[in-house]
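In what follows, a structure is listed as structure tokens, so that the remarks can point back to it.
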Amino acid sequence: TRNGRSPDEIIELRRELLLPNLSISYDRPIKFVRGDGVWLIDDGGRAYLDCFNNVCHIGHTHPAVVEAMAKQAGTLNTNTRYLHDNIVAYAERLTETLPKDLTVVGFVNSGSEANSLALRMMRAHTGRENAIVLDWSYHGTTQELIEISPYKFRRKGGTGPKSHVHIAPVPDGYRAPETWREEEYGTRFAESVRDLLAIMKSNGENPGFFIAESIPSVAGQVVLPEGYLREVYELVREAGGVCIADEVQVGFGRVGSHWWGFETQGVVPDIVTMGKPIGDGHPMGATVTKREIAESFNNGMEYFNTFGGNPVSCAVGLAVLDVIERDKLRDNAVAIGKYLIDGFGDLQARYEVIGDVRGLGLFLGIELVTDRATKTPATRFAHAVCNGARRRGVLLGTEGPFDNVLKMRPPMIFSKGNADHLISVLDETFADVTRTLA
Ligand code: PMP
């Protein structure tokens, strides 16, 4: 047929040909055949509003990206041991978006590779292995990254924490102990890291690094409490560890007010890792660090990455930064993010099930609870909303330790009209699910 195989045939072939532990989104899987801005179009020609994908940062099939990619692919693509303008032009542009000490770039091809490279830099610089990670975090797909990802090693198929990995609680203000005052959340949660460091010290161990997403996403779109990273970074550095910011999901202006999520916490990491949105869908990643750490990493062993930083990828990366700046997409993220938070707040006033509304810029979450006092997770409700929105042509996801947080990361070009569309579909779906799950 014009649109290729039917969804059922594809499901059958996936079963036969692909690794069995790769899931498919939704009760009723969708076959997409085309993307256009905020829209994904299925095999029947139906358009879905994409509020979830994160990767299509400036919109699906953005013409500036497609053109830059095609033009460079039609001219030259080769490895980075030859001289080319693009790699230095892109490294220059990328580091311009970062605090002044973060000046040295390693180009890779995915978020996992970016974190993997960060760990190699860390080891070369500190000679240490010990990790402090946030609970329920995910940092990538290689064995060593699974080992620092409680989201994986603490769940089915995982084998628990290795002895060098220390887990700090998710600094989630919504689920903070009731006796804590809101102003002290940052300090209180930082104290849990202080405690871990004390335990390590008493065992004669030293931390190699602390890694966290600047807005813990897999943990449920948790906006870090004011002051948290400042205090944690200070503690970790005092003990000789390095601080790594995983910006794979939240980076590239998604928070709106800043280019990078960590900036909202007033800190400068030692290493920043990037992926997903960096190439608007083109597979790329980057690890950026300080000169001092880059020099430690330069220990005689070459770091060469066959595809990382190739002329095509760098052309794409440049196009993405150009569009974010030219079209003032960070300002858009601030304005539309605020509009959405306000809209979600109105829904919260009408639907008891909405326990918390949170986010920065276009990185948003709605936490659902069966009871606002006990905060019992409304997981079934969240899944029903996700599938209900899908039936109404809106894509979003669920996330968090209880899988009860609706997760939204729409493209940075999301308009007020798109926001109204999302809010009205959520309204309709909440009303429907409230009736049917009651
Ligand atoms: N870090 C975070 C925070 C992520 O969400 C992901 C991917 N979900 C990764 C790292 C790994 O990125 P990739 O899948 O591109 O290897």
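Each residue of the sequence shown is one higher than the one before, starting from 580 at the first, in full-length UniProt numbering.
From the three backbone atoms N, C-alpha and C, an ideal C-beta is built for every residue, glycine too.
Apart from the five residues just before and just after residue i, which ones in its own chain have a Cβ nearer than 8 Å to its Cβ?
i           : result
residue 652 : 891
residue 625 : 972
residue 677 : 838, 839, 851, 867
residue 814 : 769, 772, 773, 776
residue 897 : 647, 665, 668, 669, 672
residue 608 : 586, 590
Once the 5 residues before and after residue i are set aside, which same chain residues still bring their CB inside 7 Å of it?
i            : result
residue 878  : 703
residue 726  : 732, 741, 744
residue 1012 : 960, 963, 964, 967
residue 730  : 715, 716, 717, 797
residue 933  : 926, 927, 945, 947
residue 888  : 659, 666, 686
residue 976  : 631, 965, 986
residue 670  : 684
residue 832  : 838, 903, 908, 909, 912, 991
residue 585  : none
residue 634  : 855, 856, 860
residue 937  : 800, 802, 944
residue 615  : 639, 640
residue 1000 : 628
residue 522  : Limits of the chain in this structure are 580 at one end and 1017 at the other, which puts residue 522 out of reach.
Please report the residue range of the alpha helix (DSSP H) in which residue i lies.
i            : result
residue 922  : 908 to 929
residue 961  : 958 to 970
residue 978  : Element bounds for residue 978: not the alpha helix (DSSP H) but the beta strand (DSSP E), 976 to 978.
residue 730  : 729 to 732
residue 627  : First-last for residue 627: 626 to 629, but that is the beta strand (DSSP E), not the alpha helix (DSSP H).
residue 697  : 690 to 705
residue 1018 : Outside the shown range of the chain (580 to 1017) lies residue 1018, about which nothing can therefore be said.
residue 664  : 664 to 675
residue 984  : Not the alpha helix (DSSP H): residue 984 falls in the beta strand (DSSP E), residues 984 to 987.
residue 942  : Here residue 942 belongs to no alpha helix (DSSP H); instead the beta strand (DSSP E) covers 942 to 950.
residue 766  : 764 to 781
residue 751  : Careful: residue 751 lies outside any alpha helix (DSSP H) and carries neither H nor E.
residue 901  : 890 to 905
Apart from the five residues just before and just after residue i, which ones in its own chain have a Cβ nearer than 6 Å to its Cβ?
i           : result
residue 791 : 713
residue 806 : 765
residue 979 : 799
residue 697 : 823, 850, 852, 866
residue 981 : 956, 958
residue 884 : 687
residue 761 : none
residue 915 : 993, 998
Along the chain, where does the beta strand (DSSP E) that runs through residue i open and close?
i            : result
residue 1000 : From DSSP, residue 1000 is part of no beta strand (DSSP E) but of the alpha helix (DSSP H) over 995 to 1016.
residue 820  : That residue, residue 820, is in no beta strand (DSSP E); it is neither H nor E in DSSP.
residue 614  : 611 to 615
residue 853  : 850 to 853
residue 621  : 618 to 621
residue 880  : That residue, residue 880, is in no beta strand (DSSP E); it is neither H nor E in DSSP.
residue 792  : 788 to 792
By the 10 Å Cβ neighbour count, where 16 or more other Cβ atoms means buried, how is residue i classified, buried or exposed?
i           : result
residue 629 : buried
residue 661 : exposed
residue 600 : exposed
residue 812 : buried
residue 952 : exposed
residue 990 : buried
residue 604 : exposed
residue 774 : exposed
residue 612 : exposed
residue 995 : exposed
residue 679 : exposed
residue 778 : exposed
residue 675 : exposed
residue 924 : exposed
residue 767 : buried
residue 983 : buried
residue 844 : buried
residue 894 : buried
Tell me, please, whether the CB atom of residue i is closer than 8 Å to any CB atom in chain C?
i           : result
residue 782 : This model lacks chain C altogether, as it is built from one protein chain only.
Since residue i and residue j should fall inside the 8 Å C-beta cutoff, what is the C-beta to C-beta distance between them, to a whole number of angstroms?
i           : j            : result
residue 827 : residue 855  : 5 Å
residue 930 : residue 1009 : 5 Å
residue 701 : residue 787  : 6 Å
residue 821 : residue 643  : In fact, because the Cβ distance is near 36 Å, the residues do not count as touching under 8 Å.
residue 851 : residue 942  : 16 Å between Cβ atoms; not a contact.
residue 637 : residue 610  : Not quite, the Cβ-Cβ distance comes to about 24 Å (not below 8 Å), so this is no contact.
residue 864 : residue 689  : 5 Å
residue 809 : residue 846  : 6 Å
residue 794 : residue 939  : 6 Å
residue 785 : residue 694  : Not a contact, Cβ separation roughly 21 Å.
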